[in-house]
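Enquirer:
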Amino acid sequence: MVDLFIRNPIKVAVGVILLVLFGALTVIPPSIMPSPIRAPVQLTPNIDEPVVMVQTRWEGASPEEVEREILDKQEDMLKSISNLRKMIGTTKQGDSTIRLEFEVGTDKDIAKQDVSDALRRVQYQIPQDEFDNPIVTSGEEDGDKAIAWMILSSDRDDVAVSELFTFIDEDVIPFLERVEGVASVRLIGGRDREIQVVVDPYKLAQAGITFAELSNALQTQNTNIAAGNSAQGKRDVVIRTMGRFSSLQDVRETVVRMGDGGPIRVRDVADVVDGFKRQYTFVRSKGKFVMALPAYRETNANVIETMEGLRAAITRVNSEILSHRGLTLELTQVYDETTYIHSSIGLVQQNILLGGALAIVVLMLFLRSISGTFVVALSIPISVIGTLLVIPVLGRNINVVMLAGLAFAVGMVVDNAIVVLENIFRHREMGKSAFQAASDGAREVWGAVVANSLTTMIVFLPILFVQEEAGQLFRDIAIAISGAVALSLIVSVTVIPTVAARVLGRTRGGADESGGRFAHFVGALVHRINRSVALRLGVVVGMTALSILGSYAMAPTRSYLPAGNRNLVFGFLLAPPGYNTLEYERMASVIENGDPSRGIIGVRAFWEAKAGTQEFDALLDRWSDIVENQKVKGEFQPQIDQAQAMLDAPDSTAEQRDDARKTIRQKEREIGEWRVPPPPIENFFYVDFNGTCFMGCSSADEENVRPLVNVLTQTGGAITDVFPYFFQSSIFNMDKGNTVEVEVRSDSLETVVPAATQIQMAAMQEGLGYAPANPSNYNRDQVEDQIIPDRVRAGDVGMTVSDLGFIIRACGDGRTIGQYREGGRSIDLAIKVKGVQDQNAGDNTTRAIADIPIFTPTGHIVPMSSVCRIDRTTAPQEIQHIETQPAVKLTVSPPDGVSLENAITTLENKIIGKMRGEGYGPAKMKIPDSVTVNLAGNADKLSTTFDSLKWLLALSFLIVFLLMAGLFESFAYPFVIILTVPLAVVGGFVGLWIVNMWTYSNPTMAIQELDVLTILGFVILLGIVVNNGILIVHQSINFVREGMDYNDAIAESVRTRIRPIFMTVMTTFFGQLTLVIRPGSGAELYRGVGAVVLGGLVFSTVFTLVVVPAMLSLFMGVKGVVGRVVGSTESEAVTPSPVAIAAASGRSASPAPASASWILAASPVAALASRASFTCT
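Using the working numbering, read the sequence shown as starting at 352 and increasing by one per residue.
#1: Specify the secondary structure class of Trp-1557 as computed by DSSP and reduced to three states.
#2: Could you give the distance in angstroms between the alpha-carbon of Gln-393 and the alpha-carbon of Asp-687?
#3: Ala-768 and Ser-730: beta carbons closer than 8 Å?
#4: Can you grab the Cα-Cα spacing for the pair Arg-1392 / Ile-1401, in whole Å?
#5: Check whether the Cβ atoms of Glu-426 and Thr-1235 lie closer than 8 Å to each other.
#6: Pull up the DSSP beta-bridge partners for Ile-486, would you.
#7: Please state whether the Cβ-Cβ distance between Leu-1063 and Val-941 is less than 8 Å.
#8: Between the C-alpha atoms of Leu-1314 and Ile-1278, what's the straight-line distance to the nearest angstrom?
#9: I need the straight-line Cα distance from Tyr-911 to Asn-1285, nearest angstrom please.
#10: Please return the same chain residues whose Cβ sits closer than 7 Å to the Cβ of Val-624, not counting the five positions on each side in sequence.
#11: Can Leu-470 and Leu-451 be called in contact, C-beta distance under 8 Å?
#12: Using C-beta distances below 6 Å, list every residue in its chain close to Gly-1531, excluding the 5 sequence neighbours before and after it, in chain order.
#13: For Ser-513 versus Glu-819, is the C-beta spacing smaller than 8 Å?
#14: Roughly how many angstroms separate the alpha carbons of Lys-459 and Gln-823, rounded to a whole number?
#15: Just the Cα atoms here: how many angstroms apart are Asp-468 and Glu-410?
#16: In angstroms with no decimal places, state the Cα-to-Cα distance between Arg-917 and Thr-395.
#17: Taking 8 Å as the cut-off, decide whether the C-beta atoms of Arg-595 and Arg-1172 are in contact.
#18: Mind checking Ser-1496: buried by the 16 CB within 10 Å criterion, or exposed?
#19: Going straight from the alpha carbon of Ile-398 to that of Asn-1289, what length do you get?
#20: In the structure shown, what three-state DSSP assignment does Gln-1065 receive?
#21: Can you tell me which of Leu-1309, Gly-1394 and Ile-388 puts its alpha carbon nearest to the alpha carbon of Pro-813?
#22: Runs of 4 residues minimum, wholly inside the region 914-957: which ones carry the alpha helix (DSSP H) assignment?
#23: For Pro-1246, which residues in the same chain have their Cβ closer than 6 Å to its Cβ, ignoring the five residues on either side in sequence?
#24: Under 8 Å Cβ to Cβ from Lys-1185, same chain only, skipping five residues before and after it: list those, please.
#25: Nearest to Val-1377 by CA position, among Ser-1464, Ser-1352, Phe-921 and Thr-1415, is which residue?
#26: Can Ser-447 and Thr-407 be called in contact, C-beta distance under 8 Å?
#27: From the DSSP output, in three-state form, read off Lys-1275 for me.
#28: In terms of alpha-carbon separation, which member of Asn-748, Ile-951 and Asn-669 lies closest to Ile-502?
#29: Is the distance from the Cβ of Gly-1268 to the Cβ of Ala-1113 below 8 Å?
#30: Does the separation of the CB atoms of Pro-1028 and Leu-971 fall below 8 Å?
#31: Could you tell me the alpha carbon to alpha carbon distance between Thr-679 and Leu-515, rounded to whole angstroms?
#32: Which residue comes first and which comes last in the alpha helix (DSSP H) that contains Val-473?
#33: State the CB to CB distance for the pair Gln-1079 and Val-920, rounded to an integer number of angstroms; the pair is presumed to be in contact (CB under 8 Å).
#34: Let's see if you can read the secondary structure: which residues bound the beta strand (DSSP E) around Phe-776?
#35: Find out if the Cβ-Cβ distance for the pair Ala-390, Pro-743 is shorter than 8 Å.
#36: On a Cα-Cα basis, can you pick out the residue from Asp-465, Ser-695 and Leu-1445 that is closest to Glu-1053?
Structure follows, in structure tokens:
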């Protein structure tokens, strides 16, 4: 087969060109050329979570009513569904939402069908005339995070952008949603248009008209009625009564009833105006009221292509829709997810190129041959680009994690090529022709490259069985590395011999003198150690024990997923319940403009000043003064002094001193973060959404984002009775990332609230920061005026509760009674009561409702207060259930410097544990036994994922061991080789520790912790660090069978394998180095993996040269003793290979002068393909 390739170079070249071409077509931009096999591009891999959402609407109902009539009944039916892991229910004003989380691996379509079936069984218990039918969706259908945010704004102050809601909703949004890949575009911040019949209650009562009569008149006269068909000649003519209102004048002229003086029309008792509904939501962007339009993508859509189409659509909206209608508006894109994607992917691509270049430089230094380096280097672009073709075939997408896997593979794909090339060199030195040498050399080691590839790829097999979120992230790296290594295997036995046959000469560069001296030194050191049993035992036991202890001591605390460096600071203003839009507008003014009297700098200063100007430098000087005086001296330094006093106190306990050290370290980190100069703000938005206030901003410097968290925090702190909570958004979702959810639930909300409050306070005292709650105001209910009908008095005047409810609704936001058609649009037609909302604001609003006169069906005019009473009380804004029980969920976000694992330990042991036992703090706060407290969210995922990963690592370990046993036909020699694993593990932890210290000392970088992605580095290590041990063990066996003493054979094996070992390790090391040392967008995802791999490679390589020979010497010595006692011999003779003969005799395998010191040895299992066979007992 190899001969076939060598003799047909054109076919090989065509195959390579096609592979590279189709690989390139998967990533080529659509602006260059269309491609039918283009892979979707996005930031992170798709995470398939089995989640089903149920939403039910009940217009106008309170959270308690929704809970009683909808949520409780639905939960009772849904709680027994198969594979249900958790159920969370939430009720708000007029809305019920249930989130059902299923076990990992559950089919979402089946789960969705089960939920729908269960809801159908409960529907008969719910009056259908009051509730909307439940809407059941999969989690992904509910929308991913927005890939783009657009704002509609105007430069003119006289243009009320919010009043164009209907126009934007019906004309602009459908145009944007046509873009391929856009699932939906939402509209936030506008006021919906409404035709309002504003009733004067005094005129209505004096005219003797009830509200019901007015509503009935408007409804019955605003309709079209079909009258059937009329046969007229040859045709049937459709007859219709066209009574729908076509103008506001039609509404005004509607006759309500006939009075003594003639017809009483709507205009006699009400004004008809074209107005807007009350606004409960507004959006501000850089100090102006705007409307926001977030765009959400379809699942598996190519984000890059979708965003290009969206930008083109925005241009057309401005030029074809807004400008042509004479509107002084502009649709602007203020957030673009592809900006971060381009930066992240661009950084990985640069790392691939730099890593490849460094690997090639290493090859050149070792090979000392331009043509040889060129031949080996061919495997890098062919393998890497060819792997891109595998991505769409397997249904994956191109993302940062996938490309990081390719970057890790750069240094690995040359191993097989080195094996083949070196053997071809050897055959050329024997005097063979170029074609014959290429053929013999490639055929002789094809088994070696297969074995080499298997040891690298086989460790990823268990990843396929990890269904958790982290396992789905692992798969992309596993696919990338396995695909690249598999392609390098094909390239090494097809392309390499074909090219080598045409470009290689008879000679190659040899080892330099210093390299030879180093090899002899290591060989002599090994020989000296192996002379003494005590030294051998000391080296093996000592190094192994130190490795295990070192791994335990240096292992950093665990985290879940890296947060990344996303250019978005997001957060909330946690305000008392019931704040209205006017109050939130006042708060927006403080956030934007600051409070000069208190030294608070508003965010406006940061978006108006430009970097590098004197104005911005002056702003940074003011900021520095605030930081030093208010934060460092006023807050952090006193805490450090207090902790230092505890550390110096002679009577402090070990636990207290440890806590003091952590506090000092954490506060020093926070001081460093606050002292980092903030960058200018590129975009800023402020949103009040139905009583929830959130805001965010992006940095003009995408590498310096974190300081803006401090800017917003200090500005939000200027508002009284409001708690600011800001963070840098994670690349995986909109929250901070590594958070712990504390679920507090019981059968009674009265017991849940104090328990949650105690945990919330304790978390702050333990340095975990403020823990926002869901519901946010669980311990503070909203003020509510309840109008309670007097059924007896109302009945006496002929009125029902429904009649009173209609009037009260008309006094509030208005009662919708139908639709007004204008062209092709439908506009709500509503009845409102004049004066109640406009003239009697504040505390007098409800009293004004009580005073309005009403005409009753019995012909009397009475005030509203005569048939009802008004009670002022409080009621929850939101109610949450967890597993059908009333609950409060606290979200603990550990500050930088406190890992997720430490936060979990603090919550479990120092807070919840003490509250369950002796009590927490001086007040001895306790949690009743009836209250259940669980740690969920990322805490639950961390525990579950690490449990799965432990089995994954064990299974990978077993697979590698069994593979080596099969290669050696022995279970003993793999045990010797497996000693390299603890050496690699401690090296991985050392590498991770170095990076951890580096990132901790840099306040602008996220601290590198032992997250679940970093664990993959240890899986990769399993597949590559055993290779060096395999090489030494196998070659030692060959030398022994050639008649050498086993200690001499081991020393000679080490000496002759140093160069190939260092060659393969150095190419891998420098191929991956840039992934660790280059900061940038998305680097946090793979920096930890790279640190583990590089540290493990260095340690295992250095110590393998000592530990493995010592252990092998012990084993061979014991085996020899046992063999002499029982009289065993080798089961069969072996035919020595030219390599072993040459190494054993100290001469070359051919008359040609050359160094044979690393023949067949550039791969750890290369010698397994030699013609010698052996059997080890």
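Positions of the beta carbon are idealized from the N, C-alpha and C atoms, including for glycine.
Expert: Taking the coordinates as given:
#1: With the chain covering only 352 through 1528, there is no way to say anything about residue 1557.
#2: 12 Å
#3: Result yes, Cβ atoms of Ala-768 and Ser-730 sit closer than 8 Å.
#4: So the alpha carbons of these two residues sit roughly 12 Å apart.
#5: yes
#6: Per DSSP, Gln-406.
#7: Contact: no.
#8: 54 Å
#9: 18 Å
#10: Here the set comprises Gln-547 and Val-549.
#11: no
#12: Outside the displayed range of the chain (352 to 1528) lies residue 1531, so it cannot be described from this structure.
#13: no
#14: 16 Å
#15: Approximately 24 Å, taken between the alpha carbons.
#16: 12 Å
#17: Yes.
#18: Here Ser-1496 scores only 33 on pLDDT, less than 50, and its place in the model should not be relied on; the value that follows carries that caveat. That one is exposed.
#19: 15 Å
#20: For Gln-1065, the secondary structure class from DSSP, reduced to helix, strand or coil, is helix.
#21: Answer by Cα proximity: Leu-1309.
#22: 932-944
#23: Gly-1120
#24: These residues qualify, in order along the chain: Val-549, Val-550, Asp-551, Pro-552, Ala-621 and Asp-622.
#25: The shortest Cα separation from Val-1377 among Ser-1464, Ser-1352, Phe-921 and Thr-1415 belongs to Thr-1415.
#26: Contact: yes.
#27: coil
#28: Among Asn-748, Ile-951 and Asn-669, the Cα nearest to that of Ile-502 belongs to Asn-669.
#29: no
#30: yes
#31: 12 Å
#32: 459-473
#33: 6 Å
#34: Unbroken run through Phe-776 is the alpha helix (DSSP H), 765-780; no beta strand (DSSP E).
#35: yes
#36: Ser-695
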